[in-house]
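Enquirer: Those protein sequence lines, which keep their order, are chains A and B. Just so you know, our numbering puts 67 at position 67 of the first sequence, and the rest follows in order with no gaps. Just add 1000 to wherever you are in the second sequence, counting from 1, and you've got our numbering. Every residue gets a Cβ at the ideal spot worked out from N, C-alpha and C, and that includes glycine.
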Amino acid sequence: DAGITQSPRHKVTETGTPVTLRCHQTENHRYMYWYRQDPGHGLRLIHYSYGVKDTDKGEVSDGYSVSRSKTEDFLLTLESATSSQTSVYFCAITKGADTDTQYFGPGTRLTVL
Amino acid sequence: AQSVTQLGSHVSVSEGALVLLRCNYSSSVPPYLFWYVQYPNQGLQLLLKYTSAATLVKGINGFEAEFKKSETSFHLTKPSAHMSDAAEYFCAVGGTGGGNKLTFGTGTQLKVEL
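#1: Taking 6 Å as the limit between beta carbons, can you name the residues of its chain near glycine 16 of chain A, skipping five residues before and five after?
#2: Counting C-beta neighbours from all protein chains within 10 Å, is the total for leucine 1033 of chain B 16 or more, i.e. buried, or is it exposed?
#3: What ranges does the beta strand (DSSP E) occupy inside the segment 1056-1109 of chain B, keeping only unbroken runs of at least 3 residues that lie completely in it?
#4: Determine the direct distance from the alpha carbon of glycine 105 of chain A to that of serine 65 of chain A, and round the result to whole angstroms.
#5: Under the three-state reduction of DSSP, which class applies to glutamine 85 of chain A: helix, strand or coil?
#6: Can you give the beta carbon distance from glutamine 37 of chain A to glycine 63 of chain A, rounded, assuming they're within the 8 Å contact cut?
#7: In its own chain, which residues sit with a C-beta less than 7 Å from the C-beta of valine 1004 of chain B, not counting the 5 before and 5 after it?
#8: Going by C-alpha to C-alpha distance, which of A/Met32, A/Glu59, A/Thr55 and A/Ser67 sits closest to isoleucine 46 of chain A?
#9: Could you tell me whether the Cβ of leucine 76 of chain A comes closer than 7 Å to any Cβ of chain B?
#10: So, does the segment 1-10 of chain A touch the segment 67-79 of chain A, judging by three or more C-beta pairs under 8 Å?
#11: For the segment 1038-1057 of chain B, list every residue whose C-beta sits within 9 Å of some C-beta in chain A, in sequence order.
#12: By the DSSP assignment, the beta strand (DSSP E) with glutamine 1042 of chain B in it spans what residues?
#13: With a CB to CB cut of under 7 Å and the five nearest residues on each side skipped, what residues in its chain are close to alanine 1086 of chain B?
#14: Just checking my contact of leucine 110 of chain A with serine 87 of chain A at CB under 8 Å: how many whole Å lie between their CB atoms?
#15: Answer yes or no: do glycine 1107 of chain B and glycine 42 of chain A have a C-beta to C-beta separation smaller than 7 Å?
#16: Just reading off the beta strand (DSSP E) that aspartate 73 of chain A is part of, what are its end residues?
#17: Can you tell me the Cα-Cα spacing of tryptophan 1077 of chain B and proline 1040 of chain B, whole angstroms?
#18: Assuming the contact rule is C-beta atoms closer than 8 Å, tyrosine 33 of chain A and alanine 97 of chain A should be a hit. Round their C-beta distance to whole Å, please.
#19: Round the Cβ separation of serine 49 of chain A and arginine 68 of chain A to the nearest angstrom and send it over; I've been treating them as touching at under 8 Å.
#20: Under 7 Å, do alanine 1067 of chain B and phenylalanine 1074 of chain B count as touching if we go by C-beta distance?
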């Protein structure tokens, strides 16, 4: 158990609507990450955070924004969802002094119709 | 820039047979290398990681991987496959230091047959 919860676990939405996914951790770890998983692509980094209000872009950040106002929560927002954003989204954290190993949450399956 | 290539998107073995999943990497810095396993409808679970302490790395569930710098490889092996090993396996490469960003391979689906 990585100590991460993701909500919602499943969501179906329509093109053009805003969507926010939440990643929550309970142990005040510094680094948090958002990935998307698609068949044939593995996992690709969307955004990551290295502290409260400190975030940076990953490989596939277009169409996504993030916020981290508290250590325990890392929010991923799709401002206007598109069908190409249908995917499984995973949050990951590193723990304590080991900032090289990432531990993953259970994922959120998002379908954009 | 980092990259990972996993040869074979699907691998099928018989129960009790050797499991070999291939991973080749490219990195401009000494890499950290990882293998993760994903069971259906679950997140990724860390199997093992290489951090330069030893070239042969032992992980959970009887898996191990050997780092070969000359071949830029980090293949995953298990001497005897079990039905419970059926899952998708991902190799990943990262640099050192805080905020380590991982680059994943496209995954290998392992099927174990009776």
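Expert: According to the structure data:
#1: Correct list, in chain order: Ser80.
#2: Looking at its Cβ environment, which holds 16 or more other Cβ atoms inside 10 Å, leucine 1033 of chain B is buried.
#3: Counting whole runs of 3 or more residues, the segment 1056-1109 of chain B contains the beta strand (DSSP E) stretches 1056-1058, 1064-1068, 1073-1078, 1087-1094 and 1102-1104.
#4: So the alpha carbons of these two residues sit roughly 19 Å apart.
#5: In the three-state reduction of the DSSP assignment, glutamine 85 of chain A falls in the helix class.
#6: About 16 Å; that fails the 8 Å criterion.
#7: These residues qualify, in order along the chain: Cys1023, Tyr1025, Cys1091, Ala1092, Val1093, Thr1103, Phe1104 and Gly1105.
#8: In this structure, A/Glu59 is the residue among A/Met32, A/Glu59, A/Thr55 and A/Ser67 with its C-alpha nearest to the C-alpha of isoleucine 46 of chain A.
#9: Cβ-Cβ to chain B under 7 Å: no for leucine 76 of chain A.
#10: Output reads no: the segment 67-79 of chain A does not touch the segment 1-10 of chain A.
#11: Correct list: Gln1038, Asn1041, Gln1042, Gly1043, Leu1044, Gln1045, Leu1046, Lys1049 and Thr1051.
#12: Counting along the chain, no beta strand (DSSP E) covers glutamine 1042 of chain B, and no H or E run does either.
#13: By the criterion of a C-beta distance shorter than 7 Å, alanine 1086 of chain B is surrounded in its chain by Leu1110, Lys1111 and Val1112, once the five residues flanking it on both sides are discounted.
#14: About 6 Å; that satisfies the 8 Å criterion.
#15: Cβ distance < 7 Å, so glycine 1107 of chain B and glycine 42 of chain A count as in contact.
#16: 73-78 is the span of the beta strand (DSSP E), which, as asked, contains aspartate 73 of chain A.
#17: Here the sequence assigns threonine to residue 1077 of chain B, which means tryptophan is not the residue at that position. Going from the Cα of threonine 1077 of chain B to the Cα of proline 1040 of chain B covers about 21 Å.
#18: Not really, about 17 Å apart at Cβ, beyond 8 Å.
#19: About 5 Å; that satisfies the 8 Å criterion.
#20: According to the sequence displayed, residue 1067 of chain B carries phenylalanine and not alanine. Yes. Within cutoff.
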